[in-house]
Each structure stands twice: as structure tokens, then as C-alpha cells.
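Be aware that the sequence shown starts at 2, since it is given in our numbering, and climbs by one per residue.
C-beta: ideal position from N, C-alpha, C; glycine also.
These numbers come from a predicted model, not from an experiment.
To start, the structure itself, in C-alpha cells.
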Amino acid sequence: MKEGILYTRKYGAVKLRLGELMDRQGIKRGQLAKLIDVRFEVADKWYRGEVEKMDMDILSRICFVLECQPGDLLEYQEEEP
Numbered sequence: 002m003k004e005g006i007l008y009t010r011k012y013g014a015v016k017l018r019l020g021e022l023m024d025r026q027g028i029k030r031g032q033l034a035k036l037i038d039v040r041f042e043v044a045d046k047w048y049r050g051e052v053e054k055m056d057m058d059i060l061s062r063i064c065f066v067l068e069c070q071p072g073d074l075l076e077y078q079e080e081e082p
């Protein structure tokens, strides 16, 4: 059997909770796109939590605009047994 984290156990996932925060603050995806200076499609992917690789610059812009910390947007979820 192969060794390494991918082969020996389930390691969970990091979930993006931006959509929840935006909904609570009443901010739409188009508004966010304009505020952080990205295309709507980019803001939409972040909203839906479909970001595959974290762009730290975009994350910083989001935190600035929404007045939050990265920990408010990210949640580690362990793999269910």
C-alpha cells in the first residue's frame, strides 16, 4: 500500500462560507464583484464556495470590504467516519 496523507486516511476539507456572510449582510454577488474589482464570474465562484485555489489578494479584498477575518470565511470540516 502507498504511504502518505492521501492514501492512509481521510483528511477532511476546507469549506468557504462567503455566501453565508454575504447573505447575512445583504450583499449581492454583483455588488461584491464591483467592490473587490473582479469579474462577476469570479465573485460567483467565491460565493458558491467553488474556489479550487485560494487567491490571497482576492481574499484580502473580501476581508477588507466585508470587514471580516479569513477565519470568518473558512471552516475546516473533518471527514465523517
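- Residue environment for Tyr-77: exposed (fewer than 16 other C-beta atoms within 10 angstroms of its C-beta).
- A check of alpha carbon separations from Trp-47 across Glu-80, Ala-14, Leu-74 identifies Leu-74 as the nearest.
- Here Arg-40 really is in contact with Ala-34; their C-beta atoms are around 6 Å apart, less than 8 Å.
- In the structure shown, Tyr-77 falls within a strand segment according to DSSP collapsed to helix, strand and coil.
- Per DSSP, the continuous beta strand (DSSP E) segment holding Lys-16 begins and ends at 14-17.
- According to the DSSP assignment, Glu-42 belongs to the alpha helix (DSSP H) that extends over 41-49.
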